[in-house]
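**Q** Sequential numbering of the sequence shown, starting at 1, is according to UniProt numbering.
Below is the structure I would like to discuss, written out as structure tokens.
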Amino acid sequence: MSTETSATVPTPAHEPSAGDPHTAHDRLRTDLARIWGDVLGTGPVDATADFTELGGNSLPAAQIAARVRTRLGTHVSVAELFEHGTVTALARLRADRPRDTGDALPPVTPAPGDGPLLAPAQRRLWFLDQLSPAAGTAYNVPALTRLRGPLDTTALDAAWQDVVDRHEQLRTVFTFTGGVLHAEPTDSRAGLDLVDLTGHPNPYGHGLRAADERAARLGLPVKSLFLAAHARALAELTASERTVTAVQVNGRLEEPGSDRVLGLLLNMVPLHLTAGGTWAELAGAAFDAERERQPYRRYPLAALLQLTGGGTPLFNVAFNYTDFHVFDELAALRAISPRDWWFSDQHSFPLMVEITRTPHTGRRALAVTLGAGSPYAATGARLMLHALHAVAADPHATVSPTDSPTEVTEPRR
Numbered sequence: 001m002s003t004e005t006s007a008t009v010p011t012p013a014h015e016p017s018a019g020d021p022h023t024a025h026d027r028l029r030t031d032l033a034r035i036w037g038d039v040l041g042t043g044p045v046d047a048t049a050d051f052t053e054l055g056g057n058s059l060p061a062a063q064i065a066a067r068v069r070t071r072l073g074t075h076v077s078v079a080e081l082f083e084h085g086t087v088t089a090l091a092r093l094r095a096d097r098p099r100d101t102g103d104a105l106p107p108v109t110p111a112p113g114d115g116p117l118l119a120p121a122q123r124r125l126w127f128l129d130q131l132s133p134a135a136g137t138a139y140n141v142p143a144l145t146r147l148r149g150p151l152d153t154t155a156l157d158a159a160w161q162d163v164v165d166r167h168e169q170l171r172t173v174f175t176f177t178g179g180v181l182h183a184e185p186t187d188s189r190a191g192l193d194l195v196d197l198t199g200h201p202n203p204y205g206h207g208l209r210a211a212d213e214r215a216a217r218l219g220l221p222v223k224s225l226f227l228a229a230h231a232r233a234l235a236e237l238t239a240s241e242r243t244v245t246a247v248q249v250n251g252r253l254e255e256p257g258s259d260r261v262l263g264l265l266l267n268m269v270p271l272h273l274t275a276g277g278t279w280a281e282l283a284g285a286a287f288d289a290e291r292e293r294q295p296y297r298r299y300p301l302a303a304l305l306q307l308t309g310g311g312t313p314l315f316n317v318a319f320n321y322t323d324f325h326v327f328d329e330l331a332a333l334r335a336i337s338p339r340d341w342w343f344s345d346q347h348s349f350p351l352m353v354e355i356t357r358t359p360h361t362g363r364r365a366l367a368v369t370l371g372a373g374s375p376y377a378a379t380g381a382r383l384m385l386h387a388l389h390a391v392a393a394d395p396h397a398t399v400s401p402t403d404s405p406t407e408v409t410e411p412r413r
């Protein structure tokens with residue numbers, strides 16, 4: 001089935017008529033198609049349509065896995081969803097397996113003591129902050145939006161305080177007592193500082209409009225194209241086609257409501273790519289490499305570094321792709337609505353490449369940020385832009401070195 005058919009005119013998975021044999025496989029396939037459609041917002045999907053072509057990524061994959069478990073009584077992992085890719089293949093995999101019985105996680109109840117222990121990623125951030133407080137390693141992720149409509153600052157402050165009151169994670173501090181780190185909630189009020197930036201210049205980043213179309217033709221998620229471009233830029237930066245980069249991954253549990261849990265749920269996993277062949281082949285290799293690492297996405301980076309001896313760093317470069325599609329719903333607000341968005345992040349890598357899909361518009365923004373003292377400031381961003389232009393121009397062309405990276409200019413918006 002062509003991508004165009006599955007993307008624009010989805011055919012419902014097989015619905016047996018009254019005279020058809022209603023097998024367990026038929027029912028499972030139909031139920032899976034409905035669950036996919038509910039989560040992806042498409043309605044029942046074609047049984048042969050690929051999950052990534054339908055816009056699937058790690059967050060809806062976790063939601064689908066949770067709903068399959070609660071509604072159908074069978075377990076589907078995020079890794080299996082990416083590996084098998086279609087409703088038909090997934091139904092075939094699960095049809096002969098027994099229903100889950102009694103495997104649901106027990107209710108979570110607060111434990112007595114001095115507060116919960118920190119996750120490995122939280123301990124790492126705390127250590128970096130203690131090592132160099134002036135470096136600003138606190139985990140702050142700024143998000144900016146341009147609002148249209150009258151802004152009631154009193155109502156905004158009240159809403160902000162209400163959110164902080166309801167979510168303990170937003171008012172938690174780290175305490176170090178008796179040689180042990182704990183997370184301790186506070187009752188402090190979350191002040192909202194308002195600064196009027198009206199009239200300041202627009203900081204919007206670079207976009208790449210052709211990425212979605214190219215990815216759909218290749219039957220790959222758009223993230224794989226960006227990861228391919230990143231690998232090629234890294235290959236030229238290091239003068240080696242064998243590249244290693246850290247990829248930020250989502251470690252949410254495959255349980256109902258996990259998409260609404262607040263906390264530090266991200267992790268970094270190493271990914272090896274040989275940046276050769278055609279762009280399509282490189283993007284396919286990036287997709288396969290990510291899929292193979294799905295089962296290990298929750299393995300703490302700190303534990304991985306300990307296994308390797310903690311000597312030479314596993315990687316000095318990191319890649320992150322984000323799609324805040326849940327913010328799209330805010331466009332329906334009438335009195336006041338967000339229009340443009342900008343996101344940033346703090347990190348301790350010499351080079352960090354981030355691609356962000358902006359809500360409402362669907363445009364992608366590229367941010368290449370450098371650590372203090374990094375020698376790559378002159379060429380890092382230009383090499384990435386050159387690779388993005390090349391993969392968008394002809395994904396079936398052979399990957400080739402940049403002739404003159406210093407001549408790459410900002411793409412037109």
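Using N, Cα and C, we set each Cβ at its ideal position, and we do this for glycine too.
In this text the structure is predicted, and so the values were computed from the model without any measurement.
Counting pairs of beta carbons, one from the region 233-253 and one from the region 268-278, are three or more of them closer than 8 Å?
**A** Because the criterion of three Cβ pairs below 8 Å is met, the region 233-253 and the region 268-278 touch.
**Q** Looking only at its chain, what residues have a beta carbon closer than 7 Å to the beta carbon of P203, apart from the 5 residues adjacent to it on each side?
**A** In the sequence shown, counting from the first residue as 1, residue 203 sits at position 203. With a pLDDT of only 41 at P203, under 50, the local geometry of the prediction cannot be trusted, and no value is derived from it.
**Q** In whole angstroms, give me the CA-to-CA distance for D31 and R71.
**A** Counted from its first residue, the sequence shown places residue 31 at position 31. Counted from its first residue, the sequence shown places residue 71 at position 71. So the alpha carbons of these two residues sit roughly 9 Å apart.
**Q** Beta-carbon within less than 6 Å of F327's beta-carbon, same chain only, minus the 5 sequence neighbours each way: which residues are those?
**A** Taking the first residue of the sequence shown as 1, we reach residue 327 at position 327. Only P359 meet the Cβ criterion.
**Q** Whole alpha helix (DSSP H) runs in the region 274-338 with 4 or more residues, listed along the chain?
**A** Complete alpha helix (DSSP H) runs here, min 4: 279-292 and 301-307.
**Q** With a threshold of 7 Å on Cβ separation, who are the neighbours of A286 within its own chain once the five nearest residues in sequence on each side are excluded?
**A** Indexing the sequence shown from 1 puts residue 286 at position 286. Correct list, in chain order: S224, L227, A228, A231 and L273.
**Q** Does DSSP classify A143 as helix, strand or coil?
**A** The residue you call residue 143 lines up with position 143 of the sequence shown. Three-state result, A143: strand.
**Q** Could you tell me whether any non-hydrogen atom of the ligand NAD is closer than 7 Å to the CB of A62?
**A** Of ligands this structure carries none, so the ligand NAD is not represented either.
**Q** With a cut-off of 8 Å, do at least 3 Cβ pairs link the region 298-306 to the region 146-161?
**A** Short answer: they don't touch.
**Q** Please state if the CB of A66 and the CB of E255 are separated by a distance shorter than 8 Å.
**A** Here residue 255 refers to the residue found at position 255 when the sequence shown is read from its first residue. Here residue 66 refers to the residue found at position 66 when the sequence shown is read from its first residue. Yes, they are a contact pair.
**Q** In whole angstroms, what separates the C-alpha of D187 from that of L383?
**A** Taking the first residue of the sequence shown as 1, we reach residue 187 at position 187. Taking the first residue of the sequence shown as 1, we reach residue 383 at position 383. Each residue's Cα considered, the two are about 48 Å apart.
**Q** Among V261, R94, T42 and V391, which one has its Cα closest to the Cα of R27?
**A** The sequence position of residue 27 within the sequence shown is 27, counting from 1. Of the listed residues, the one whose Cα sits closest to R27 is R94.
**Q** Looking at the secondary structure, which residues open and close the beta strand (DSSP E) in which F174 lies?
**A** As a working mapping, residue 174 is identified with position 174 in the sequence shown. It spans T172 to T177 - the beta strand (DSSP E) in which F174 sits, taken as one unbroken run.
**Q** Straight-line CA distance for A331 to V76?
**A** As a first step, residue 331 must be located in the sequence shown, where it is residue number 331. As a first step, residue 76 must be located in the sequence shown, where it is residue number 76. For A331 and V76, the distance between alpha carbons rounds to 33 Å.
**Q** Work out the CA separation of L181 and V173 for me, nearest whole Å.
**A** Position 173 of the sequence shown, counted from the first residue, corresponds to residue 173. Position 181 of the sequence shown, counted from the first residue, corresponds to residue 181. Rounded to the nearest angstrom, the two C-alpha atoms are 10 Å apart.
**Q** Over the uninterrupted alpha helix (DSSP H) stretch that includes P60, give me the two end residues.
**A** Here residue 60 corresponds to residue number 60 of the sequence shown, with the count starting at 1. Note, P60: alpha helix (DSSP H), S58 to R67.
**Q** How should F127 be labelled, buried or exposed, when 16 other C-beta atoms within 10 angstroms of its C-beta is the threshold for buried?
**A** Looking up residue 127 in the sequence shown gives position 127. Exposed, because fewer than 16 other Cβ atoms sit within 10 Å of the Cβ of F127.
**Q** By Cβ distance, which residues of its chain are closer than 8 Å to G284, with the 5 residues on each side in sequence left out?
**A** In the sequence shown, the residue the question calls residue 284 occupies position 284. If we look at G284 and ignore the five residues flanking it on each side, its Cβ neighbours are L218, L220 and S224.
**Q** List the endpoints of the continuous beta strand (DSSP E) containing T243.
**A** For the purposes of this step, residue 243 is taken as residue 243 along the sequence shown, with counting starting at 1. Residues R242 to N250.
**Q** Smallest Cα separation from T278: which of A183, T398, T322 and F319?
**A** Locating residue 278 in the sequence shown gives position 278, counting from the first residue. Here the closest residue by C-alpha is T398.
**Q** With 16 other CB atoms within 10 Å as the buried threshold, where does E53 fall?
**A** Position 53 of the sequence shown, counted from the start, is the residue given in the question as residue 53. Counting Cβ neighbours within 10 Å, E53 comes out buried, since at least 16 surround it.
**Q** Check whether the Cβ of T145 lies closer than 8 Å to any Cβ atom in chain C.
**A** Absent from the structure is chain C; it holds one protein chain and no more.
**Q** Give every residue of the same chain whose Cβ lies closer than 8 Å to the Cβ of L118, excluding the five residues on either side of it in the sequence, and list them in chain order.
**A** The residue labelled residue 118 in the question sits at position 118 within the sequence shown. Here the set comprises W126, F174, L181, H182 and A183.
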